[in-house]
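Numbering (this note's numbering), first residue to last: 78 to 229.
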């Protein structure tokens, strides 16, 4: 009896042919950071992506609805060169052929010099998209496709 799971790495994209910043994402982040606004936007904007969801801007208060362990029992990955992080559920990591793949929802966020979570900028979203472009992979087993993020 063969208990191995045949898999092959296919496309390097996740949920789209090409990952691009959506106009609504730009609109939300530009509006939040607009210097001409009379009142300060006190909302903290993060980004989220999941196997059943495109990259979206969310408010910090909504993060636990997407990733229940956010800021509690989550694991994080630091993005090189900036105070940017990926939060994920360590129970949703698939190990296959010696590599580790995130299979569930993730939250992208930024911290300030005091390690407090602050709103993302448009540049941050581009940086996360570049990360996704490089690290996203679709695993195929028995004709089933699974969009993942390789964390190795």
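Using N, Cα and C, we set each Cβ at its ideal position, and we do this for glycine too.
Measure the alpha-carbon distance for residue i versus residue j and round it to whole angstroms.
i, j, result
"residue 199", "residue 191", "21 Å"
"residue 218", "residue 207", "26 Å"
"residue 176", "residue 229", "6 Å"
"residue 132", "residue 202", "9 Å"
"residue 145", "residue 197", "20 Å"
"residue 134", "residue 170", "23 Å"
"residue 223", "residue 124", "21 Å"
"residue 160", "residue 154", "11 Å"
"residue 126", "residue 141", "13 Å"
"residue 129", "residue 211", "20 Å"
Can you check DSSP and say which residues form a bridge with residue i?
i, result
"residue 176", "173"
"residue 187", "161, 195"
"residue 23", "Because the chain here runs from 78 to 229, residue 23 falls outside it and cannot be looked at."
"residue 213", "226"
"residue 127", "130"
Can you check which of these residues, the options, is closest to residue i by C-alpha distance?
i, options, result
"residue 233", "224, 184, 213, 223", "The shown model of the chain, from 78 to 229, leaves out residue 233, and the question about it has no answer."
"residue 173", "125, 215, 120", "215"
"residue 156", "209, 142, 220", "209"
"residue 178", "142, 213, 158", "213"
"residue 148", "164, 159, 139, 160", "164"
Which whole-angstrom value describes the C-beta separation of residue i and residue j, a residue pair presumed to lie in contact below a C-beta threshold of 8 Å?
i, j, result
"residue 137", "residue 194", "6 Å"
"residue 162", "residue 180", "Incorrect: roughly 19 Å between the Cβ atoms, too far for contact."
"residue 168", "residue 143", "Actually they do not touch by this definition, with Cβ atoms about 15 Å apart."
Are there any heavy atoms of the ligand ADP lying less than 7 Å away from the beta-carbon of residue i, as far as the coordinates show?
i, result
"residue 196", "This structure simply doesn't include the ligand ADP, nor any ligand for that matter."
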